[in-house]
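Trainee: Got a structure for you, written out below as structure tokens; questions coming shortly.
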Amino acid sequence: DYFGWCELIYGHLTAHTPELEPHFLINPYGLNYDEITASNLVKIDIDGIPVESTSHPISEAGFVIHSAIHSMEAAENRVVMHSHSRAGMAIAALRHGLLPISMNATLFFDDIAYHDFEGPSLYLEERDRLRKSLGTKRAMILRNHGLLTVGRTVAEAFIRLYRLEQACRIQLDAAAAGELNLLDDKIARKSGHDTSRFMESEAAYGQLEFNALMRKLDKTDNSYRH
81 DYFGWCELIY GHLTAHTPEL EPHFLINPYG LNYDEITASN LVKIDIDGIP
131 VESTSHPISE AGFVIHSAIH SMEAAENRVV MHSHSRAGMA IAALRHGLLP
181 ISMNATLFFD DIAYHDFEGP SLYLEERDRL RKSLGTKRAM ILRNHGLLTV
231 GRTVAEAFIR LYRLEQACRI QLDAAAAGEL NLLDDKIARK SGHDTSRFME
281 SEAAYGQLEF NALMRKLDKT DNSYRH
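Residue numbers (the working numbering): 81 to 306.
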């Protein structure tokens with residue numbers, strides 16, 4: 081909860097495990113984020129059944145949403161992050177959604193999907209619609225709900241969620257201050273492409289930023305590693 085994106089114990093983070101079987105790790109349901117460590121992550125299969133012994137339950141909604149994405153078996157979707165941040169939920173409640181008014185927002189100009197609200201995502205039949213909504217995009221706004229990003233690595237999914245969250249905050253702040261200055265579609269598309277290319281040029285997408293944040297976290301509290 082370092083960035084204040086969490087809503088109590090809610091929101092879900094999952095990562096596909098290295099083995100060939102369709103298993104993924106998910107944060108245990110009921111714990112605050114500062115209580116979650118490497119050893120209490122829950123490994124489940126695509127049907128939501130724990131693969132290893134655990135005393136922790138998992139979120140039913142988290143399983144529905146994340147198993148839908150992981151079952152697509154796309155290399156781009158090995159990590160899925162879903163947040164309930166205040167800014168993300170506010171933009172998700174707007175009819176027009178995310179607008180191209182900042183450099184962060186341009187990263188999603190051609191790479192943002194929307195999924196209409198169906199409730200708290202407790203029913204397996206919603207998975208087909210979640211997959212259809214996401215398609216080949218790497219970020220999705222769950223309308224009236226929150227944000228979701230995917231990535232090939234934890235670092236990639238994280239930096240994508242960070243940029244999306246920043247774009248949402250900027251839009252809300254700007255809208256509160258005055259008239260929005262929307263970028264031309266051509267400029268927004270080029271900016272998003274160029275920024276993504278720059279982020280890929282020096283290391284794996286998001287890895288430099290993620291490593292820097294991990295160093296800072298380790299100086300503060302490295303108990304998450306245990």
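Ideal placement from N, C-alpha and C gives every residue a C-beta, glycine not left out.
Predicted model, so just to flag it, every value in this text is computed and none were measured.
If Thr-186 sits next to Thr-275, beta carbons under 8 Å apart, how far is it from one beta carbon to the other, in whole angstroms?
Mentor: Right, their Cβ atoms sit about 7 Å apart.
Trainee: Mapping the DSSP letters down to three states, classify Gly-142 as helix, strand or coil.
Mentor: Gly-142 falls in the helix class under three-state DSSP.
Trainee: Less than 8 Å between the C-beta atoms of Tyr-109 and His-136, yes or no?
Mentor: In contact: Tyr-109 and His-136 (Cβ atoms closer than 8 Å).
Trainee: At which residue ranges does the stretch 210-287 contain complete beta strand (DSSP E) runs of 3 or more residues, listed in the order of the chain?
Mentor: With a minimum length of 3 residues, the continuous beta strand (DSSP E) runs that stay inside the stretch 210-287 are 219-222 and 226-231.
Trainee: In angstroms, rounded to a whole number, what distance separates the CA positions of Ser-119 and Leu-210?
Mentor: One C-alpha to the other measures close to 30 Å.
Trainee: Rounded to the nearest angstrom, what separates Ala-173 and Glu-156 at their Cα positions?
Mentor: Rounded to whole angstroms, Ala-173 to Glu-156 spans 27 Å at the Cα level.
Trainee: How big is the Cα-Cα spacing for Phe-188 and Leu-244?
Mentor: Going from the Cα of Phe-188 to the Cα of Leu-244 covers about 8 Å.
Trainee: Starting from the Cα of Thr-134, find the closest Cα among Gly-142, Ala-148, Leu-105 and Met-161 and give me that residue.
Mentor: Thr-134 has its Cα closest to that of Leu-105, out of Gly-142, Ala-148, Leu-105 and Met-161.
Trainee: Looking at Leu-111: is its Cβ nearer than 8 Å to the Cβ of Ile-129?
Mentor: No, Cβ-Cβ distance for Leu-111 and Ile-129 is not below 8 Å.
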